[in-house]
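There are 2 protein chains.
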Amino acid sequence: MQGGTFLFQLRYFCMNNRQNKFQMKRGVTLKDIAQKLNMSVSTVSKSLSNDPSISPPTKARVKKLADEWNYIPNEAARHFKLNRTYTIGLIIPNLMDQYYALAINGAEKVAGQHQYNVIISQSHEDPEREDKIVDLMLRNRVDGLLVAISKNREDMSVFKKTTYTGIPVIFFARPPKEDGFDAVISDNEHGAFKATEFLIKKGHKRIGHIMGPESMSVSYTRMEGYRRALDKYKLPYNSALVKSVDFTQEATFSAMRRFMKMVTPPTAFFAFKNYIALDAIEYLKRKHPAMLRKIDFAGFGNLPLLQYLDHKPVASIEESSYEMGEEAARLLLRTIHEEAPEEGRPVQHIQISCRLLAHK
Amino acid sequence: MQGGTFLFQLRYFCMNNRQNKFQMKRGVTLKDIAQKLNMSVSTVSKSLSNDPSISPPTKARVKKLADEWNYIPNEAARHFKLNRTYTIGLIIPNLMDQYYALAINGAEKVAGQHQYNVIISQSHEDPEREDKIVDLMLRNRVDGLLVAISKNREDMSVFKKTTYTGIPVIFFARPPKEDGFDAVISDNEHGAFKATEFLIKKGHKRIGHIMGPESMSVSYTRMEGYRRALDKYKLPYNSALVKSVDFTQEATFSAMRRFMKMVTPPTAFFAFKNYIALDAIEYLKRKHPAMLRKIDFAGFGNLPLLQYLDHKPVASIEESSYEMGEEAARLLLRTIHEEAPEEGRPVQHIQISCRLLAHK
DNA sequence: TTGTACGCGTTATCAA
DNA sequence: TTGATAACGCGTACAA
Numbered sequence: 001m002q003g004g005t006f007l008f009q010l011r012y013f014c015m016n017n018r019q020n021k022f023q024m025k026r027g028v029t030l031k032d033i034a035q036k037l038n039m040s041v042s043t044v045s046k047s048l049s050n051d052p053s054i055s056p057p058t059k060a061r062v063k064k065l066a067d068e069w070n071y072i073p074n075e076a077a078r079h080f081k082l083n084r085t086y087t088i089g090l091i092i093p094n095l096m097d098q099y100y101a102l103a104i105n106g107a108e109k110v111a112g113q114h115q116y117n118v119i120i121s122q123s124h125e126d127p128e129r130e131d132k133i134v135d136l137m138l139r140n141r142v143d144g145l146l147v148a149i150s151k152n153r154e155d156m157s158v159f160k161k162t163t164y165t166g167i168p169v170i171f172f173a174r175p176p177k178e179d180g181f182d183a184v185i186s187d188n189e190h191g192a193f194k195a196t197e198f199l200i201k202k203g204h205k206r207i208g209h210i211m212g213p214e215s216m217s218v219s220y221t222r223m224e225g226y227r228r229a230l231d232k233y234k235l236p237y238n239s240a241l242v243k244s245v246d247f248t249q250e251a252t253f254s255a256m257r258r259f260m261k262m263v264t265p266p267t268a269f270f271a272f273k274n275y276i277a278l279d280a281i282e283y284l285k286r287k288h289p290a291m292l293r294k295i296d297f298a299g300f301g302n303l304p305l306l307q308y309l310d311h312k313p314v315a316s317i318e319e320s321s322y323e324m325g326e327e328a329a330r331l332l333l334r335t336i337h338e339e340a341p342e343e344g345r346p347v348q349h350i351q352i353s354c355r356l357l358a359h360k
Numbered sequence: 001m002q003g004g005t006f007l008f009q010l011r012y013f014c015m016n017n018r019q020n021k022f023q024m025k026r027g028v029t030l031k032d033i034a035q036k037l038n039m040s041v042s043t044v045s046k047s048l049s050n051d052p053s054i055s056p057p058t059k060a061r062v063k064k065l066a067d068e069w070n071y072i073p074n075e076a077a078r079h080f081k082l083n084r085t086y087t088i089g090l091i092i093p094n095l096m097d098q099y100y101a102l103a104i105n106g107a108e109k110v111a112g113q114h115q116y117n118v119i120i121s122q123s124h125e126d127p128e129r130e131d132k133i134v135d136l137m138l139r140n141r142v143d144g145l146l147v148a149i150s151k152n153r154e155d156m157s158v159f160k161k162t163t164y165t166g167i168p169v170i171f172f173a174r175p176p177k178e179d180g181f182d183a184v185i186s187d188n189e190h191g192a193f194k195a196t197e198f199l200i201k202k203g204h205k206r207i208g209h210i211m212g213p214e215s216m217s218v219s220y221t222r223m224e225g226y227r228r229a230l231d232k233y234k235l236p237y238n239s240a241l242v243k244s245v246d247f248t249q250e251a252t253f254s255a256m257r258r259f260m261k262m263v264t265p266p267t268a269f270f271a272f273k274n275y276i277a278l279d280a281i282e283y284l285k286r287k288h289p290a291m292l293r294k295i296d297f298a299g300f301g302n303l304p305l306l307q308y309l310d311h312k313p314v315a316s317i318e319e320s321s322y323e324m325g326e327e328a329a330r331l332l333l334r335t336i337h338e339e340a341p342e343e344g345r346p347v348q349h350i351q352i353s354c355r356l357l358a359h360k
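Residue numbers (the UniProt record's numbering), protein chains in the order written: chain A, 1 to 360; chain B, 1 to 360.
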């Protein structure tokens with residue numbers, strides 16, 4: 001059924017010539033097959049789904065023609081009837097961040113295992129854009145939403161609305177500040193603790209923290225871990241050693257400038273994430289090359305690109321974002337398949353533990 | 001219309017209590033609104049689409065209730081009727097490659113501008129998996145396909161079938177070996193020429209080429225550019241200086257091992273792409289640290305991560321993958337909206353020119 | 001063993 | 001100005 005079939009296909013399409021491109025036939029339907037074979041649509045439908053009530057010869061005829069005509073079942077129609085699209089929407093800040101790319105892989109895997117499609121969209125850290133994406137996805141009737149919210153998100157009403165409408169939303173990586181939402185997150189506090197502890201054990205007494213944006217709750221959680229580590233090892237906490245950045249290179253440069261201007265700058269930094277640490281290292285390269293080898297960094301995110309770097313963090317907190325994507329998707333599917341989502345259900349939280357990874 | 005509305009929503013959902021979770025109502029419909037207001041569905045539909053034949057008071061009543069009940073139009077149903085899903089499928093080898101991540105951004109932008117959704121899937125360089133993805137996407141009736149084929153793809157029949165069925169396919173970045181397919185690609189030969197020329201002008205006389213997989217046509221195109229540059233500058237072409245790899249680190253290491261074993265190893269390399277150059281540099285770091293500063297690399301792909309590297313290629317060929325994604329999506333949408341796709345149409349090719357980018 | 005009828009949410013057409 | 005009806009592709013309960 002190679003070339004010949006294709007030509008036949010072409011003829012077939014030419015036959016039902018509809019002028020309007022928007023009404024153009026886009027694929028063979030059960031009806032087409034039924035007409036050709038002089039039988040009813042339901043017989044064709046049953047034949048193709050191997051219904052035992054259909055006689056083998058009939059089945060054979062149907063399957064033969066379906067094959068020749070290259071029939072492809074229309075899942076959209078099937079789902080339409082079921083009132084579900086078997087599609088989940090995935091909203092992330094940025095595809096270029098390998099962390100999210102990995103999480104997507106995990107989510108896609110789980111979704112695929114359950115015959116779900118995934119549609120991905122990026123907020124580019126813009127809450128307004130995020131709102132539009134949610135709206136678009138709801139219009140397209142995704143069965144659920146997987147969201148790593150943009151860093152400046154304040155108003156959670158869109159997501160509340162979504163949940164109340166019966167479309168479950170699972171947050172991952174970046175939980176909302178507000179309580180009451182299902183979420184899958186890393187064990188951020190413990191990870192931060194371990195990273196800081198690693199630096200302390202390496203002998204550092206004065207450790208700075210390049211904190212994440214103040215608009216994100218994770219920033220505080222990680223800061224708390226940093227603080228707990230200092231406490232445990234009887235090091236003083238000094239708020240001057242904590243500076244918040246917004247992920248832009250400029251912000252990190254500016255923070256580093258202020259750090260390095262101090263009378264006694266920190267000898268090590270725990271960074272909210274390693275993309276930030278890389279910018280901080282870049283700053284040292286440009287402005288304080290002599291310090292490069294004296295200052296240690298540790299941060300979240302064991303990025304594949306780290307392997308190529310000469311100057312890199314001494315330790316990373318491996319966040320298992322692939323696993324997080326998997327877990328988030330699993331939780332979402334579970335929620336989707338739950339009975340009676342109207343009933344009150346406890347908020348679900350899943351924590352993925354982090355691993356400390358010393359480099360070199 | 002905050003909290004109160006939501007509660008109402010809840011009650012609303014509880015009222016039509018259907019046991020079966022698969023038949024559960026998932027959102028307010030036109031019918032619901034029509035029933036409540038004692039009018040026909042068509043009136044409601046027209047009111048919401050601002051049909052001039054509906055009286056302003058009626059429109060107002062409808063819109064008010066639609067708002068209160070938080071009506072969200074069901075695009076799936078709408079598309080179902082129109083026989084199109086306003087969704088395009090995007091198949092790439094790997095999301096972790098920033099090159100594709102950027103291309104996706106470009107494609108998404110253009111698709112979004114035309115109210116199209118994008119569903120993304122990764123082949124992970126596995127043709128079989130790619131086949132399954134195509135099948136799945138066709139079952140879901142995407143309106144068109146954007147594909148960067150996996151490196152080992154030999155049999156193009158799936159895509160032929162797709163095209164003949166009336167679903168346009170645009171290839172990008174990696175065109176098929178076979179002719180006859182629409183594609184958007186970089187000006188690979190010229191890019192390769194410029195990269196090699198750059199190395200020559202830097203004084204190198206013995207330039208190796210770490211070639212891409214032999215299964216990919218682009219590999220030959222880039223090799224041709226390399227060869228043309230040698231020719232132009234009267235340097236001898238030596239097939240021993242060309243070694244093909246398959247993107248794995250092991251393959252690149254092995255190629256470099258053979259290169260460095262030569263009596264006079266190359267003093268510079270033109271790499272099929274910079275991810276390969278990075279592995280080659282990594283090899284030198286481990287095995288020939290002394291040579292690190294003496295050997296130059298140039299390759300395709302100006303990756304954002306390059307900025308953080310100490311040892312990096314001296315030049316990159318900027319492929320404008322964002323632009324390529326845009327162009328590919330544009331071409332696809334144009335093809336989708338074409339009248340009479342049955343008619344013979346010349347194969348469409350778009351070339352994106354590359355820019356040489358010297359680093360540091 | 002096969003066919004008929006219906007419904008999913010929406011829009012377009014035609015009738016009232 | 002509004003309403004009734006058909007249609008999109010499919011599955012299924014029920015009738016023949």
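C-beta atoms are modelled at their ideal positions from N, C-alpha and C, and glycine is treated no differently.
As the structure is a prediction and not an experimental result, all values here were calculated from the model.
Continuous beta strand (DSSP E) stretch holding residue i: start and end
| i | result |
| --- | --- |
| Ala183 of chain B | Ala183 to Ser186 |
| Ser316 of chain B | Ala315 to Glu318 |
| Ala298 of chain A | Asp296 to Phe300 |
| Ile352 of chain A | His349 to Ile352 |
| Phe272 of chain B | Phe272 of chain B -> no beta strand (DSSP E), and no H or E assigned at all. |
Proximity below 8 Å, CB of residue i to CB of residue j
| i | j | result |
| --- | --- | --- |
| Gln351 of chain A | Leu331 of chain A | no |
| Ala192 of chain A | Arg222 of chain A | yes |
| Ile276 of chain A | Ile210 of chain A | yes |
| Thr58 of chain B | Ser40 of chain B | no |
| Pro265 of chain A | Phe272 of chain A | no |
| Ile207 of chain A | Ala255 of chain A | no |
| residue 362 of chain B | Leu145 of chain B | Lying outside 1 to 360, the shown extent of chain B, residue 362 of chain B is not represented and no answer is given. |
| Thr335 of chain A | Ile170 of chain A | yes |
| Met324 of chain B | Ser150 of chain B | no |
| Tyr237 of chain B | Leu230 of chain B | yes |
| Asn274 of chain B | Leu357 of chain B | no |
| Phe270 of chain B | Ala195 of chain B | yes |
| Tyr71 of chain A | Val28 of chain A | yes |
| Asp296 of chain A | His359 of chain A | no |
| Gly90 of chain A | Ile120 of chain A | Reading the sequence as shown, one finds Leu at residue 90 of chain A and not Gly. Their beta carbons are under 8 Å apart, which means Leu90 of chain A touches Ile120 of chain A by this criterion. |
| Ala103 of chain B | Tyr283 of chain B | no |
| Leu305 of chain B | Gln122 of chain B | no |
| Ala101 of chain A | Met96 of chain B | yes |
Beta bridge counterpart(s) of residue i as assigned by DSSP
| i | result |
| --- | --- |
| Lys243 of chain A | A:Ile210 |
| Val169 of chain B | B:Leu145 |
| Val118 of chain B | B:Ile88 |
| Arg355 of chain A | A:Glu318 |
With 16 other Cβ atoms within 10 Å as the buried cut-off, status of residue i
| i | result |
| --- | --- |
| Gln113 of chain A | exposed |
| Phe22 of chain A | Per-residue confidence for Phe22 of chain A stands at a pLDDT of 36, beneath the threshold of 50, marking its modelled position as unreliable; no derived number is given. |
| Lys31 of chain A | exposed |
| Glu189 of chain A | buried |
| Ser42 of chain A | exposed |
| Pro313 of chain A | buried |
| Ala298 of chain B | buried |
Reference residue i; option with closest CA among the options
| i | options | result |
| --- | --- | --- |
| Val118 of chain B | B:Glu326, B:Gly203, B:Glu197 and B:Phe159 | B:Glu326 |
| Ala76 of chain B | B:Leu37, B:Ser121 and B:Asn140 | B:Asn140 |
| Cys354 of chain A | A:Leu292, A:Ala315, A:Asp155 and A:Lys360 | A:Ala315 |
| Lys240 of chain B | B:Gln249, B:Arg293, B:Tyr164 and B:Met262 | The sequence shown places Ala at residue 240 of chain B, not Lys. Residue B:Met262 is the option with its Cα nearest to Ala240 of chain B. |
| Phe198 of chain B | B:Ala173, B:Gly225, B:Lys177 and B:Val184 | B:Gly225 |
| Ser217 of chain B | B:Glu178, B:Lys202, B:Met137 and B:Tyr233 | B:Glu178 |
| Pro213 of chain A | A:Leu278, A:Asp51, A:Arg345 and A:Glu125 | A:Glu125 |
| Asp155 of chain A | A:Pro176, A:Asn94 and A:Leu136 | A:Pro176 |
| Thr165 of chain B | B:Asn152, B:Asp135, B:Gln115 and B:Ala183 | B:Asp135 |
Residue range of the alpha helix (DSSP H) that includes residue i
| i | result |
| --- | --- |
| Arg330 of chain A | Ser321 to His337 |
| His79 of chain B | Glu75 to Leu82 |
| Leu292 of chain B | Where Leu292 of chain B is concerned, there is no enclosing alpha helix (DSSP H), given that its DSSP letter is neither H nor E. |
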